[in-house]
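Peer 1: My questions all concern the structure below.
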Amino acid sequence: MEYKVQEKMSIADKLRILGDGAKYDVACTSSGVSRQGDGIHMGNTVSGGLCHSFSADGRCISLLKILFTNECIYNCKYCFNRSSNDIPRTSFTPEEVCYLTMEFYKRNYIEGLFLSSGILYNPNYTMELIYETVYKLRKEYGFFGYIHLKAIPGADARIIERAGLLADRMSINLELPTSEGLRNLAPNKSRQTILKPMRMIQQGIKENKNEIMIYRHAPKFVPAGQSTQIIIGATPETDFQLVSVAESLYKKFELKRVFYSAFVNVNKDKDLPSTLGGPPLLREHRLYQADWLMRFYHFRAEELLSPKKPYFNMLLDPKCDWAVRHLDLFPIEINKADYEVLLRIPGVGVKSAMRICQARKMAPLSFEDLKKIGVVLKRALYFITCSGKMMYPTKIEEDYIIRNLLHEKERLPERKENYRQLSLFDEEKKEAIG
Amino acid sequence: MEGEKIWVCEDSQEGIFTGIYDAWASGYKKEECVIQVGEIGNYRLFAQYFSVKTEEEKAWKVAKTILRRMGERAYRHICSAISSTDQEKGNAVFHTLILGFAMEDASKAMTYLSNPYVGKVFTLSRQVYNEVHHFMEFLRFRQLEIGILFAKIHPKNDILTHITPHFADRLPMEDFIIYDSVREKMAIHPKQKRWSIVQDKNFQIEKTKEESKDEEQIQELFRSFCKTIAVKERENKELQRQMLPLKFRDNMPEFEESKWISHYEEKSY
Ligand code: SF4
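Heads up: the sequence lines are chains U and F, in that order. Residue 269 in this note's numbering sits at position 269 of the first sequence, with consecutive numbering throughout. Residue 21 in this note's numbering sits at position 21 of the second sequence, with consecutive numbering throughout.
Following this line, the structure appears as structure tokens:
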């Protein structure tokens, strides 16, 4: 196949093609780093990230998420840009990417740039192009907003390192949870070419932290950390396998985020599962909830699932599911329990747990107070006491509680990870809105 | 004389802080003092009314005391609550201060959520903060012919002073204006200078019609980007509406009709 840049293609058409090519990458957050403006350059970053718009699928639009090029030499089966597909091919110029980023940012359309790419000629060539683009954007255009870059698997460590000094976040997609899956579906990639740069970025971040301790003004390397993405539903892993892979990525590679992307069979490839009935969105949602529980609620993967119970309960969220399987630990006294224990109560979010700990020092809390604090009582009431009393007389009995919890419908808008991250559980939604 | 003492003050941070200063200095029992914002409304029998004349110096003293005794976090909560449209806000702030200043460590006052006044300040501040956050996300600038970036908003609460610092930090080299069409006032940020708030009841919005020559193309590019980025298989307009309520959309170019037809779309891609 021959690669020819269509010289005369307009920037509008390029944006359509290269935005389309990037849309299955889900990691569109602008969070993880807080940087004030310097009074001269354009841009700052907000640690919680901002969502500037929402597309028709309800996902957050935070960054200008584009491919640099879709002229890819690889042929990953799940990917729309694979070389065997007959689709229009094009590439941006670095200037075009800078122009779009600056003009969009100025108007408050975006928080910054998310630049991914197909592999043009070879990994190094592509990584150089990405580097050149962000170099221009930072140094010539003076852009100080958020930049998320993809590291190209197989690219030279030195180019990745240079790029990392200009980016806020970098990511390398793990793509598939097992090396076998990768071998079958992405024959040009290997676990090795993916994990090597991941390790390299991890070390870069560590060394940079030391440098910054010594030289306060040393340039920052990937200050918002690194993330990755796993496609779910293209290969036959269980939920337990998936959360275990995620857990070990957090531990071994110190990732900031693991993103899941529900598989969509864009190529109608017969070797891959059909997604005609729609991508596995509920499953993806449960995985994100579990991810949240592991990162902020002190849960371990094997508490949520096990080889004997390898799949999530599709009816109950994993926190409620855990609670009803451990009724012997409840009810919990709100005015006494430790912070970590409070976190395990369905209906109590991270912020509420913190507020409870502070507020109860002043006076014992009542159910009325909990409501103000942001606790979702209709869910929590089966699991708590305030000064020794339950809210209503209720049975602490698995079937009874499950029936009642199911009656109080969980808000299930299919897709949550990219929203304002607060809304993954109803309790967090309530905390935010009050 | 027994009964409530009601201080009626202007609906602004300075007005409310002056009212608080006067009430505090009056020597009346603090529990009997009420801070009322705006009009007197229903006269209450046996109550005594005082009309407060806003004084910058008094307001400044109150602000400084809050900052010193209760810390920056609490101060921010209080300022946010004061930007709310709620009419009880002045009184809630006043009684939160009374409570705080009576505590050994006044910086803990805002955690006393079971106290009704503190609870109120906290709730109002959170509502205002949420609106500020929304406009940080959903506000849109257009570039006018004269080069200025212009944004129009219609917020429920009086949030201009809360959102402008964010944009001033972000766009130091731009001339920009954020216009609050509800209160008919605007924040003006000249490039590399300090921003200020200007009240202008006679502002003619038609004057902002003339846009820079690239403006339409850039809006069009963003509109098409937002369209492309949606994954068809996961379409969920209801969710989109939950996340981005309709009331924000009228100043957002991505929700306007496209004025262009791409030759690329014509080729039925
Ligand atoms: S490398 Fe694979 S996943 Fe990436 S663009 Fe090319 S074909 Fe798609």
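The beta-carbon is built from N, C-alpha and C at its ideal position, and this holds for glycine as well.
Anything in chain F within Cβ reach of residue 199 of chain U, meaning under 7 Å, just list it in chain order.
Peer 2: For the purposes of this step, residue 199 of chain U is taken as residue 199 along the first sequence, with counting starting at 1. Going along chain F, no residue has its Cβ under 7 Å from residue 199 of chain U, so there is no contact; the nearest lies around 31 Å.
Peer 1: Give me the DSSP bridge partner(s) of residue 170 of chain U.
Peer 2: What you label residue 170 of chain U is simply residue 170 of the first sequence in a count that begins at 1. U/149 and U/226, per the DSSP bridge assignment.
Peer 1: Any chance the CB of residue 183 of chain U is under 7 Å from a heavy atom of the ligand SF4?
Peer 2: Stepping through the first sequence from its first residue, residue 183 of chain U is reached at position 183. It does not: the Cβ of residue 183 of chain U is nowhere closer than 7 Å to a heavy atom of the ligand SF4.
Peer 1: Compare the beta carbon distance of residue 334 of chain U and residue 365 of chain U with 8 Å and say whether it is the shorter of the two.
Peer 2: Numbered from its first residue, the first sequence carries residue 334 of chain U at position 334. Numbered from its first residue, the first sequence carries residue 365 of chain U at position 365. Yes; because the gap between Cβ atoms is below 8 Å, this pair is in contact.
Peer 1: Of all the beta strand (DSSP E) runs that stay within the bounds of the stretch 166–240 of chain F, which reach a length of 3 or more residues?
Peer 2: Within the stretch 166–240 of chain F, the complete beta strand (DSSP E) runs of at least 3 residues are 176–180, 185–189 and 196–199.
Peer 1: On a Cα-Cα basis, can you pick out the residue from F/110, F/57 and F/53 that is closest to residue 76 of chain F?
Peer 2: Stepping through the second sequence from its first residue, residue 76 of chain F is reached at position 76. Checking every option, the nearest Cα to that of residue 76 of chain F belongs to F/110.
Peer 1: So with Cβ pairs under 8 Å, would you call residue 107 of chain F a contact of chain U?
Peer 2: One-based indexing of the second sequence puts residue 107 of chain F at position 107. Closer than 8 Å: no.
Peer 1: Between residue 139 of chain F and residue 28 of chain U, what straight-line distance do the alpha-carbon atoms span, to the nearest angstrom?
Peer 2: The count along the second sequence starts at 1 and reaches residue 139 of chain F at position 139. The count along the first sequence starts at 1 and reaches residue 28 of chain U at position 28. Spanning the two alpha carbons is a distance of roughly 19 Å.
Peer 1: Which class does residue 79 of chain U belong to by DSSP, given the choice of helix, strand or coil?
Peer 2: Counting from 1 along the first sequence, the entry for residue 79 of chain U is found at position 79. Residue 79 of chain U falls in the coil class under three-state DSSP.
Peer 1: Going by other Cβ atoms of all chains shown within 10 Å of its Cβ, with 16 needed for buried, is residue 234 of chain U buried or exposed?
Peer 2: The sequence position of residue 234 of chain U within the first sequence is 234, counting from 1. Label assigned to residue 234 of chain U: buried.
Peer 1: Is residue 217 of chain U buried or exposed, if buried means 16 or more other CB atoms sit within 10 Å of its CB?
Peer 2: Start at 1 with the first residue of the first sequence, and residue 217 of chain U comes out as number 217. So residue 217 of chain U ends up on the exposed side.
Peer 1: Within the same chain, show all residues whose beta-carbon is closer than 8 Å to that of residue 3 of chain F, passing over the 5 residues directly before and after it, in chain order.
Peer 2: Working through the second sequence from its first residue, we reach residue 3 of chain F at position 3. So the qualifying residues of the chain are 32, 46, 47 and 48.
Peer 1: Quick check: what's the CA-CA separation for residue 199 of chain F versus residue 186 of chain F?
Peer 2: Translated into positions along the second sequence, residue 199 of chain F becomes position 199. Translated into positions along the second sequence, residue 186 of chain F becomes position 186. Answer to the nearest angstrom: the Cα atoms are 6 Å apart.
Peer 1: Please confirm whether residue 71 of chain U has its beta-carbon closer than 8 Å to some beta-carbon of chain F.
Peer 2: Reading the first sequence from its first residue, position 71 is the one you call residue 71 of chain U. Residue 71 of chain U does not count as touching chain F.
Peer 1: May I have a chain-ordered list of the alpha helix (DSSP H) segments no shorter than 4 residues that lie completely inside the stretch 209–258 of chain U?
Peer 2: If we require 4 residues or more, the alpha helix (DSSP H) runs fully inside the stretch 209–258 of chain U come out as 239–253.
Peer 1: Within 10 angstroms of its Cβ, does residue 270 of chain F collect 16 or more other Cβ (buried), or is it exposed?
Peer 2: Residue 270 of chain F lies beyond the residue range present for chain F, which begins at 1 and ends at 269; the question has no answer from this structure.
Peer 1: For residue 121 of chain U, does the count of other Cβ atoms within 10 angstroms reach 16, so buried, or fall short, so exposed?
Peer 2: Here residue 121 of chain U corresponds to residue number 121 of the first sequence, with the count starting at 1. Per the 10 Å Cβ criterion, exposed.
Peer 1: Going along the chain, which residues of the stretch 268–283 of chain U sit with their C-beta nearer than 9 Å to a C-beta in chain F?
Peer 2: From the stretch 268–283 of chain U, only 275, 278, 279 and 281 have a Cβ closer than 9 Å to chain F.
Peer 1: Given a cut-off of 8 Å on the beta-carbon distance, is the pair residue 52 of chain F and residue 8 of chain F in contact?
Peer 2: Within the second sequence, numbered from 1, the residue matching residue 52 of chain F stands at position 52. Within the second sequence, numbered from 1, the residue matching residue 8 of chain F stands at position 8. A contact, by the Cβ cut-off of 8 Å.
Peer 1: Closer than 9 Å by beta-carbon distance: list the chain F residues that pair up with residue 104 of chain U, in chain order.
Peer 2: The residue you call residue 104 of chain U lines up with position 104 of the first sequence. Simply 218, 221, 222 and 225.
Peer 1: May I have a chain-ordered list of the beta strand (DSSP E) segments no shorter than 3 residues that lie completely inside the stretch 99–165 of chain F?
Peer 2: Qualifying beta strand (DSSP E) stretches, in chain order: 149–153.
Peer 1: Based on DSSP bridge pairs, tell me the residues matched to residue 389 of chain U.
Peer 2: Within the first sequence, the letter at position 389 stands for residue 389 of chain U. Answer is U/386.
Peer 1: Is the distance from the Cβ of residue 222 of chain F to the Cβ of residue 254 of chain F below 8 Å?
Peer 2: The residue labelled residue 222 of chain F in the question sits at position 222 within the second sequence. The residue labelled residue 254 of chain F in the question sits at position 254 within the second sequence. Yes, the pair counts as a contact, with Cβ atoms nearer than the cut-off.
Peer 1: Going by the C-beta, is residue 186 of chain U closer than 7 Å to any heavy atom of the ligand SF4?
Peer 2: The residue given as residue 186 of chain U occupies position 186 in the first sequence. Yes, the beta carbon of residue 186 of chain U sits closer than 7 Å to at least one heavy atom of the ligand SF4.
Peer 1: Decide if the stretch 65–78 of chain U is in contact with the stretch 4–24 of chain U; the criterion is three or more beta carbon pairs, one per stretch, under 8 Å apart.
Peer 2: Yes, since at least three Cβ pairs between the stretch 65–78 of chain U and the stretch 4–24 of chain U fall closer than 8 Å, the two stretches touch.
Peer 1: Cβ of residue 305 of chain U within 8 Å of Cβ of residue 240 of chain U?
Peer 2: Taking the first sequence and counting its residues from 1, one reaches residue 305 of chain U at position 305. Taking the first sequence and counting its residues from 1, one reaches residue 240 of chain U at position 240. It is a contact, given that the beta carbons lie within the stated cut-off.
Peer 1: Using a Cβ-Cβ distance cut-off of 8 Å, determine whether residue 208 of chain U contacts chain F.
Peer 2: As a first step, residue 208 of chain U must be located in the first sequence, where it is residue number 208. Answer no: the Cβ-Cβ gap between residue 208 of chain U and chain F never drops below 8 Å.
Peer 1: Check the Cβ-Cβ distances between residue 170 of chain F and every residue of chain U, and say whether any is below 8 Å.
Peer 2: Numbered from 1 along the second sequence, position 170 holds the residue referred to as residue 170 of chain F. Yes - at least one Cβ of chain U is within 8 Å of the one on residue 170 of chain F.
Peer 1: Less than 8 Å between CB atoms is the rule here; does residue 52 of chain U satisfy it with respect to chain F?
Peer 2: As a working mapping, residue 52 of chain U is identified with position 52 in the first sequence. Yes, its Cβ sits closer than 8 Å to a Cβ of chain F.
Peer 1: So, at 7 Å on beta carbons, what are the nonlocal neighbours of residue 155 of chain F in its own chain, with the 5 sequence-adjacent residues on each side left out?
Peer 2: As a working note, residue 155 of chain F is residue 155 in the second sequence. Taken in chain order, the residues that qualify are 131, 135, 180 and 182.
Peer 1: Where do the N-terminal and C-terminal ends of the beta strand (DSSP E) with residue 112 of chain U fall, by residue?
Peer 2: Along the first sequence, one-based indexing puts residue 112 of chain U at 112. Per DSSP, residue 112 of chain U belongs to the beta strand (DSSP E) from 112–116.
Peer 1: Would you tell me roughly how many angstroms separate the C-alpha atoms of residue 252 of chain F and residue 146 of chain U, rounded to the nearest one?
Peer 2: By one-based count along the second sequence, residue 252 of chain F stands at place 252. By one-based count along the first sequence, residue 146 of chain U stands at place 146. Going by the C-alpha atoms only, they are around 22 Å apart.
Peer 1: Mind checking if residue 154 of chain U is an interface residue toward chain F, Cβ cutoff 8 Å exclusive?
Peer 2: For this step, residue 154 of chain U is matched to residue 154 along the first sequence. Not an interface residue.
Peer 1: Compute the minimum distance between the beta carbon of residue 19 of chain U and the heavy atoms of the ligand SF4, and state whether it is under 7 Å.
Peer 2: For the purposes of this step, residue 19 of chain U is taken as the residue at position 19 of the first sequence. Every heavy atom of the ligand SF4 is 7 Å or more from the Cβ of residue 19 of chain U, so no.
Peer 1: Who are the neighbours of residue 240 of chain F on chain U, taking C-beta pairs under 8 Å?
Peer 2: As a working mapping, residue 240 of chain F is identified with position 240 in the second sequence. Simply 54, 55, 56, 57 and 58.
Peer 1: So, is the C-beta of residue 365 of chain U closer than 8 Å to a C-beta in chain F?
Peer 2: The residue given as residue 365 of chain U occupies position 365 in the first sequence. Closer than 8 Å: yes.
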